[in-house]
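**Q**
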Amino acid sequence: MKVVKNDTVLVVSGNSRGKKGKVLKVFPKDERVIVEGVNFIKRHTRKSQKNPQGGIIEREAPIHASNVKLICSKCNKAARVGRVVLENKKRVRVCRSCGEMLSSS
Ligand SMILES: [Zn+2]
18 MKVVKNDTVL VVSGNSRGKK GKVLKVFPKD ERVIVEGVNF IKRHTRKSQK NPQGGIIERE
78 APIHASNVKL ICSKCNKAAR VGRVVLENKK RVRVCRSCGE MLSSS
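Each residue of the sequence shown is one higher than the last, beginning at 18 in the numbering used here.
1) State the Cα-Cα distance for the pair residue 104 and residue 119, rounded to the nearest angstrom.
2) Should residue 67 be listed as close to ligand 1, given that the test is whether its C-beta is under 7 Å from any heavy atom?
3) Who are the near neighbours of residue 58 in its chain, counting only those whose CB is closer than 6 Å to its CB and skipping five residues on each side?
4) So does the segment 59–73 actually touch the segment 32–49, counting three or more Cβ pairs closer than 8 Å?
5) Could you say which of 45, 69 and 82 lies nearest to residue 55 if we only look at CA atoms?
6) So, are the CB atoms of residue 52 and residue 29 less than 8 Å apart?
7) Please determine whether the Cβ atom of residue 91 lies at a distance below 7 Å from any heavy atom of ligand 1.
8) CB-CB under 6 Å to residue 42, same chain, minus the five flanking residues each way: which ones, in chain order?
9) List the DSSP bridge partners of residue 89.
Structure follows, in structure tokens:
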């Protein structure tokens, strides 16, 4: 998995292609991610305390991690991500085009 929670990513395939959003949740086992504002699905729900009206709610559904690309905060575009190991043995992700560190994962 190249993306982690709170990354800003670009969707590169599927219906939401071209959309940018923040990663809200990752499912490493399924290699899926939920991206804010991307891939809304309609859900029919019963009335509940949380949702007293019931009816149809829209929420984001997970998309496959291979459909998103990390956006480099410096280049402000989809980055090719490399990994480097720092002196303190910490692994960080870097943007291959500008070398900017993109936080650890
Ligand atoms: Zn960059």
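We treat Cβ as the ideally placed atom computed from N, Cα and C, and that holds for glycine.
**A** On the basis of the supplied data:
1) Cα to Cα, residue 104 sits roughly 17 Å from residue 119.
2) Residue side-chain check: residue 67 keeps its Cβ at 7 Å or more from all non-hydrogen atoms of ligand 1.
3) 78
4) no
5) 82
6) no
7) yes
8) 51
9) Answer is none; residue 89 lacks a bridge partner.
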